[in-house]
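If you read the sequence shown in our numbering, its first letter stands for residue 187, the second for the next number, and so on.
Glycine included, each C-beta is placed from N, C-alpha and C at the ideal position.
Data block below; observations after.
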Amino acid sequence: MNYNKDQILDRARGALLGTAVGDALGAGYEFKPPLSWEFPVVFKATGQFKAGEFTDDMAQTIGVALAASRSDLRVTLDEVSKEFHRWYKEDGRGIGIQTEKIFQKVKDFSTADQLLEQSQLFVDSNEKAAGNGSLMRTAPVALLYLSNPEAVGEVASSVSALTHADADCREACIIWSKAIRHAILFENFDGIQLAINELPTFRQSYWNDLFDEADAVSEASEFTNNGWVIHAIQAAYKAIMSTATETPEHLVLGINEAVRVGDDTDTVAAIAGALLGARWGYSAIPERWLEPLSGWPGYKATDLVSLADEITEPIWL
């Protein structure tokens, strides 16, 4: 474990900024076929977002982080509920179908109670309730509890449940949040398997089979239904592992690969970017990706750096 303060902060910043750049890069290619390597991945404007602007993926990630700056998410999720509502009312662009249906049912966002209730009701009444909308925003949880992996899992699950209460969604967030924490502290991707090993025994084989399937395919783009949390995590994982190098260039290669998968490109790239950033750090993100970055609530890259610093647990003290 490397307790160097500057390096830990660099990797914590990378988790948050990696989410943002993956989201903003992927936005220009969303709901399109896989992108050939003949074409470079660049920021592109869409009907809703300007070039370099991140979408609902990062906006909700910021909401979780802002809530965490004011309260302990192990104790209450009320501030997360308030931040989600603030974003929904002030902006709300790009909101996922599942999340919006749940938000529309909630009358009072001042506590998390109604949000949790409506999220569970959605799972109970819909066969397809395992979207990727909570996995995309899970990075801040790892920053909050670097010294407490149990808390990472607990909070990742509960924050997911605000809109995605399905067991697959919650466990995907547990695995990815713990993997992000592990990458920040240990500078590798072993946290994925370690997180799976900490799940209930009857769920370990389920997740091991899914990641084995991802290892076996040739391309991340083979996971075509990546609006579903399972294909989203498999596509993000494959994009990371198929481009792996022992240098910080891996961050660029991995995010590029994630953007190229087609369909829900911004979310897959945000998921991949969070873990790649946690491994390689903010310092590995090219300036050409940081300079144009912006989004709700008027944040730029420097604001995200400050937010990451504010919520990262100072384990070196």
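Decide if residue i is buried, meaning its Cβ has at least 16 other Cβ atoms within 10 Å, or exposed.
i	result
W362	buried
G233	exposed
W393	buried
K218	exposed
Y274	buried
D294	exposed
E432	exposed
N411	exposed
P386	exposed
F308	buried
W534	Not covered by the structure: residue 534. The range shown for the chain is 187 to 503.
P335	buried
R256	exposed
Q246	buried
E276	exposed
A353	exposed
Q304	buried
T241	buried
N442	buried
S391	exposed
T488	exposed
A430	exposed
S492	exposed
Report, in whole angstroms, the separation of the C-beta atoms of residue i and residue j, which I expect to be a contact under 8 angstroms.
i	j	result
A455	K424	Not really, about 13 angstroms apart at Cβ, beyond 8 angstroms.
Q284	V292	Contact doesn't hold; Cβ gap of about 13 angstroms is too wide.
L437	A365	About 15 angstroms; that fails the 8 angstroms criterion.
G200	G467	4 angstroms
W414	N318	7 angstroms
A210	L479	6 angstroms
I426	F388	The Cβ separation is near 27 angstroms, so there is no contact.
G204	G459	4 angstroms
A342	V327	5 angstroms
L195	T498	6 angstroms
In whole angstroms, what is the alpha-carbon distance linking residue i and residue j?
i	j	result
A444	A369	19 angstroms
I378	P500	23 angstroms
E286	S267	13 angstroms
R356	P472	32 angstroms
V261	A251	15 angstroms
P434	A470	6 angstroms
S333	E224	43 angstroms
A421	V447	7 angstroms
A206	A237	13 angstroms
V338	A381	10 angstroms
A418	T453	8 angstroms
N190	D310	46 angstroms
A231	R279	14 angstroms
E373	R465	5 angstroms
I360	E340	8 angstroms
Q193	E265	30 angstroms
G208	S346	20 angstroms
L302	E496	27 angstroms
A316	A325	19 angstroms
Y485	L202	13 angstroms
A213	I457	13 angstroms
D133	V403	Examination of residue 133 is not possible in this model, given that the chain is present from 187 through 503 alone.
D398	R367	22 angstroms
Q290	Q306	14 angstroms
S428	P226	18 angstroms
E239	A253	22 angstroms
Name the DSSP bridge partner or partners of residue i?
i	result
S550	There is no way to answer for residue 550, as the model of the chain reaches only from 187 to 503.
W414	G317
Going by Cα to Cα distance, which pick from the options is closest to residue i?
i	options	result
I416	L329, K314, K218	K314
F409	A231, D243, P220	P220
T349	S320, P326, A342	S320
W482	N334, F289, A365, I281	I281
V228	G484, L380, E477, L490	E477
A494	R197, Y189, N190	R197
A358	P335, A337, Q304, M322	M322
S222	E405, L479, S480	E405
G463	Q304, D310, L329	L329
D450	I360, V341, Y215	Y215
M244	P226, S296, E269	E269
Y331	S407, S305, A351, L371	L371
S296	L263, L195, L259	L263
N312	A325, I288, T324	I288
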